[in-house]
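> When we follow the numbering used here, the leftmost residue of the sequence shown carries the number 1, and every step to the right adds one.
Have a look at this one.
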Amino acid sequence: MLIAHLSDPHLRTDALAAEPAANLDLALGRVLALDPQPDCVVITGDLCHVGHRAAYVQLREVIGAFPLPLHLTTGNHDDPGELREVFGGTPFLGGGSSTHYAVDHAGFTVVVLDSWSTEGPAGRLGEGQLAWLDEVLGRRPGVPAFVCLHHPPVAVGIPLLDGMRLSDGPALGEVLGRHRNVARVLAGHVHRAISVPFAGTVVSVAPSTYRQTSLTLRADRQTGYLTEPPAFLLHVAAGDGFATHTVPVVGAGALVGGL
């Protein structure tokens, strides 16, 4: 069982549009080059830099012919309404018209939450989504579940981003704590590869396919973007659990020697 976890492509429609679209296309190509290929791909939000219809049309052009199951998640830069207009009813939103949905794969479940909020860049799920999640996680209690959302529900040590994490993270933790089948919580938003224990499972934050956030650990220092290479995470069934690998998108080549 393999799940490719991409995040924060930030597709644009302005003069800077070429690079993020090309990077996402390159990342998806790197996914297809894996052997074996993943069972599915999840993109954990900030699909577009500004949630304009044209940006989602561009996203559809990039992913429309992708041959593996691919699940989209809403981020704070997105517009859920425009996302539904372009992708509603397609497999990219689980075949429905909601931005929170669940997809049952043969050996695992992908549960996508919508943490977009009208209150700003911080995320929120709300009581309705949390109740829905509780019910969904109980449907297949013996099957690993990957719970996907944009905003990390816990602090990651970067003060600026910690100030805009999921506001009802503790409530999410209460729901997850009632279910023993949550293999990972997959998140984005931070533009760095990070792992944090949470509610009896692990939060895995994926790097961006576009650009990475500086590792700014002090509140009195400026946080910005770096030209670190794009990458994604690969969650692999290993023994009784899952291992998470960071896969660079650029600079990967043929083997140069054996072990």
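Cβ coordinates follow ideal geometry from the N, Cα and C atoms, glycine included.
These figures come from a predicted structure and were not determined experimentally.
#1: Apply the 10 Å Cβ neighbour rule to A18 and answer buried if 16 or more other Cβ atoms are within range, or exposed otherwise.
#2: Run through the region 133 to 181 for me and flag every whole beta strand (DSSP E) of 3 or more residues, listed as ranges in chain order.
#3: When burial is assigned at 16 or more other CB atoms within 10 Å of the CB, is G123 buried or exposed?
#4: Within 10 Å of its beta-carbon, does T209 have 16 or more other beta-carbons around it, so buried, or fewer, so exposed?
#5: Assign H71 to one of two classes, buried (16 or more other C-beta atoms within 10 Å of its C-beta) or exposed (fewer than that).
#6: Can you tell me whether A165 is buried or exposed? The criterion is at least 16 other CB atoms within 10 Å of its CB, across all chains shown.
#7: If we ignore side chains and look at the alpha-carbon of each, how far apart do S115 and D46 end up?
#8: Are there three or more Cβ pairs, one per stretch, closer than 8 angstroms when the region 42 to 62 is compared with the region 163 to 178?
#9: So which of Q212, V103, R178 and V156 has the shortest CA-CA distance to S204?
#10: Along the chain, where does the alpha helix (DSSP H) containing Y56 start, and where does it finish?
#11: Would you call the CB atoms of G94 and H150 closer than 7 angstroms?
#12: Taking 7 angstroms as the threshold (C-beta atoms), are L234 and V249 in contact?
#13: Short of 8 angstroms in beta carbon distance, which residues of its chain neighbour F108, apart from the five on each side in sequence? Order them along the chain.
#14: What is the rounded straight-line gap between the Cα of V41 and the Cα of H5?
#15: For T227, which of A238, V175, H191 and V136 has the nearest alpha-carbon?
#16: Within its chain, find whatever has a CB closer than 8 angstroms to the CB of G163; leave out the 5 residues flanking it on each side and keep chain order.
#17: Rounded to whole angstroms, what is the Cα-Cα separation between R84 and H179?
#18: Would you report the Cα separation of H49 and V185, rounded to the nearest angstrom?
#19: If you follow the beta strand (DSSP E) that V110 is in, where does it begin and where does it stop?
#20: In angstroms, rounded to a whole number, what distance separates the CA positions of A15 and G75?
#21: Please report the straight-line C-alpha distance between P91 and P69, rounded to a whole angstrom.
A quick look at the data gives this:
#1: Start at 1 with the first residue of the sequence shown, and residue 18 comes out as number 18. Exposed, since its Cβ has fewer than 16 Cβ neighbours within 10 Å.
#2: 145 to 148
#3: For the purposes of this step, residue 123 is taken as the residue at position 123 of the sequence shown. Buried.
#4: As a first step, residue 209 must be located in the sequence shown, where it is residue number 209. The residue is buried, with at least 16 neighbouring Cβ atoms inside 10 Å.
#5: Position 71 of the sequence shown, counted from the first residue, corresponds to residue 71. Buried.
#6: Indexing the sequence shown from 1 puts residue 165 at position 165. Position check: residue 165 holds Arg in this sequence, whereas Ala was assumed. By the neighbour-count rule (16 or more Cβ atoms within 10 Å), R165 is buried.
#7: By one-based count along the sequence shown, residue 115 stands at place 115. By one-based count along the sequence shown, residue 46 stands at place 46. Spanning the two alpha carbons is a distance of roughly 11 angstroms.
#8: no
#9: Here the question's residue 204 lines up with position 204 in the sequence shown. Among Q212, V103, R178 and V156, the Cα nearest to that of S204 is on V156.
#10: Translated into the one-based positions of the sequence shown, residue 56 becomes position 56. First-last of the alpha helix (DSSP H) with Y56: R53 to I63.
#11: By one-based count along the sequence shown, residue 94 stands at place 94. By one-based count along the sequence shown, residue 150 stands at place 150. Contact: no.
#12: By 1-based counting over the sequence shown, the position of residue 249 is 249. By 1-based counting over the sequence shown, the position of residue 234 is 234. No, these two residues do not count as a Cβ contact at 7 angstroms.
#13: On the sequence shown, position 108 is the one that residue 108 refers to. For F108, where only same-chain residues beyond five positions count, the Cβ hits under 8 angstroms are M1, I3, D39, V143, P144, A145, F146 and A183.
#14: Counting from one through the sequence shown, the residue named residue 41 turns up at place 41. Counting from one through the sequence shown, the residue named residue 5 turns up at place 5. Between V41 and H5, the C-alpha separation is close to 6 angstroms.
#15: As a working note, residue 227 is residue 227 in the sequence shown. Checking every option, the nearest Cα to that of T227 belongs to H191.
#16: Here residue 163 corresponds to residue number 163 of the sequence shown, with the count starting at 1. Cβ within range, chain order: A122.
#17: The count along the sequence shown starts at 1 and reaches residue 84 at position 84. The count along the sequence shown starts at 1 and reaches residue 179 at position 179. If I take the Cα positions, the gap works out to 29 angstroms.
#18: Start at 1 with the first residue of the sequence shown, and residue 49 comes out as number 49. Start at 1 with the first residue of the sequence shown, and residue 185 comes out as number 185. If I take the Cα positions, the gap works out to 23 angstroms.
#19: If you number the sequence shown from 1, residue 110 lands on position 110. Counting along the chain, the beta strand (DSSP E) containing V110 begins and ends at T109 to V112.
#20: Locating residue 15 in the sequence shown gives position 15, counting from the first residue. Locating residue 75 in the sequence shown gives position 75, counting from the first residue. The straight-line gap from Cα to Cα measures roughly 22 angstroms.
#21: Your numbering for residue 91 matches position 91 in the sequence shown. Your numbering for residue 69 matches position 69 in the sequence shown. Each residue's Cα considered, the two are about 7 angstroms apart.
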